[in-house]
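Taking our numbering, I'd label the letters of the sequence shown as residues 134 to 213.
Heads up, the beta-carbon is just placed ideally off N, CA and C, and yes, glycines get one too.
These figures come from a predicted structure and were not determined experimentally.
Have a look at the structure below, then the notes.
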Amino acid sequence: MDIDADLLITDLAPTDMLLQRLGRLWRHDRPARPCPHPEFWIQMPNSDDASLRSASTKETREALGKSARVYAPYILLRYA
């Protein structure tokens, strides 16, 4: 699949996955784009870093949301 995006919004993920997604931005040289530059937004957990690191496993999974269903919470916390 060859996806070319101007704006990419993603949930928190490990760095290698984020870099792979970044590669989807402005993949092709096109003369007309709807925005002046590519944008990459990462949706972060609502909790602050300190409270996540001291939380229980259940609380951490809840704070990380659906990303914690895909990636281990301790891996996500390294990138939060």
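What separation, rounded to the nearest whole angstrom, lies between the Cα atoms of residue i and residue j?
i, j, result
"Gly198", "Leu145", "10 Å"
"Leu141", "Leu151", "10 Å"
"Arg163", "Leu185", "42 Å"
"Ile136", "Gln176", "20 Å"
"Arg154", "Pro171", "12 Å"
"Arg160", "Arg166", "12 Å"
"Glu195", "Thr148", "21 Å"
"Glu192", "Leu158", "34 Å"
"Pro206", "Asn179", "14 Å"
"Gly156", "Cys168", "17 Å"
With DSSP as the reference, identify every bridge partner of residue i, one or two as the case may be.
i, result
"Glu172", "Leu140"
"Leu158", "Ala138"
Any heavy atom of the ligand COA closer than 6 Å to the beta-carbon of residue i?
i, result
"Trp159", "Annotation note on the ligand COA: not contained in the displayed structure, which lists no ligands."
Given a cut-off of 7 Å on the beta-carbon distance, is the pair residue i and residue j in contact?
i, j, result
"Ser200", "Leu210", "no"
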